[in-house]
Amino acid sequence: MANRAGRTAASAAALALLASGCTTVVSGTVRPAPGLAPTPVTGIAVRQVLLDDAELSKLIGQPFRSDPSLPPRFGGVDSLPDAWDTAGPEDCVGAAVGGQQAVYKSAGVQDVAHEFWDSTSTTGDSALTGVGEAVIALATPADADALFEKFTQQWGRCDGVTVTRGDEADGEASGEIIDVSTSDTVLTATVRTTVDGEVGLRVSRAVAVLVNCIVDVDVFWFVGEEDHADAPPAGDSTAADLARAMLDKVRNLSG
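This note's numbering numbers the first residue of the sequence shown as 4 and each following residue consecutively.
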């Protein structure tokens, strides 16, 4: 069985390729009065859409900690990771990598929140090694719906495409996009990554929309020659499940 150290190293490499470069849950459910539109989620409330360690552990069934090498990011669109700004084809970057500045910079973003999580499980039984989550708040629900529709069209054209990034500072990396689908208003895909020519992690992607918020999720899977070669498991819905859990928080916050 592949050891934990190997998985940690692989996870660190994948997160580095995604993020390198410059740069409390609200309890209860409040419903709007009949006929009133939900209130857009803005400002500091956007941070509350992110799932915390306890929520991730409950949903996935293993413990997590916030990645100490990649601290949470809050603010405007410039707060998002920018390591894939020069990658191509440009229209497919959003399908390959979550929460990237290049994908959202022209969308009229108001507020963002972004965080990476490492699995701290020591059993070695699970190939799931980390999670990346982002929430992007736009000015209006119409803006968010339009952006999601744009992503749906782009991702459909990117099925089977390999996105490549290579430069001296950040190293060479690529992601092959496969299994794109839209189900129950959640857009999903799987990405096979390579880092400097070596097989990297597999990534389950999910993007969804509610009110004025886009939620954007990466789930990272260790892939070894002997262990977990088929990760993620066939039919796995972890990324989509996390995206739906974030939508529930948007719903509660928007009233």
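Beta carbons are placed, not taken as given, at the ideal position from N, Cα and C, and that holds for glycine.
In this model, A90 and S177 are separated by some 9 Å (Cα to Cα).
The segment 237-248 makes contact with the segment 57-68; the number of CB pairs closer than 8 Å reaches 3 or more. Linking R205 to D233 through their CA atoms gives a straight-line distance of about 9 Å.
Considering only R208, T193, V112, A86, the residue with the shortest C-alpha distance to G174 is A86. Rounded to whole angstroms, the Cβ separation of V183 and D162 is 4 Å, and the two are in contact under 8 Å.
Annotation: S186 is outside any alpha helix (DSSP H); the continuous beta strand (DSSP E) that includes it extends over 176-186. Taking all protein chains in view, the Cβ of K153 is surrounded by fewer than 16 other Cβ atoms within 10 Å, so the residue is classified as exposed. The count of Cβ pairs closer than 8 Å, one atom from the segment 99-107 and one from the segment 70-89, reaches three, so the stretches are in contact.
Beta-bridge annotation (DSSP): T191 is paired with S184, A209. The beta-carbon distance between W158 and A192, rounded to whole angstroms, is 6 Å. This is short enough to meet the 8 Å contact definition.
Ranked by Cα distance from D128, the options A116, P236, V52, V210 are led by P236. Residue R208 holds the alpha-carbon nearest to the alpha-carbon of D239 among R208, M249, V253, I217. Per the C-alpha coordinates, the member of V194, V198, A145 positioned closest to V220 is V194.
Just measuring C-alpha positions, the residue of G46, P43, V222 sitting nearest E136 is V222. In the three-state reduction of the DSSP assignment, V52 falls in the helix class.
At a Cβ-Cβ threshold of 8 Å, P75 and H117 count as neighbours.
In the assembly as shown, S122 is a buried residue. Its beta-carbon has 16 or more other beta-carbons within 10 Å. By the CB criterion at 8 Å, L190 and V214 fall outside the cutoff. In chain order, L256 place their CB closer than 6 Å to the CB of A48, counting only its own chain and leaving out the 5 sequence neighbours on each side.
The segment 65-100 is shown to contain whole alpha helix (DSSP H) runs of 4 or more residues at 96-99, in chain order. Less than 8 Å separates the beta-carbon of A147 from that of I217.
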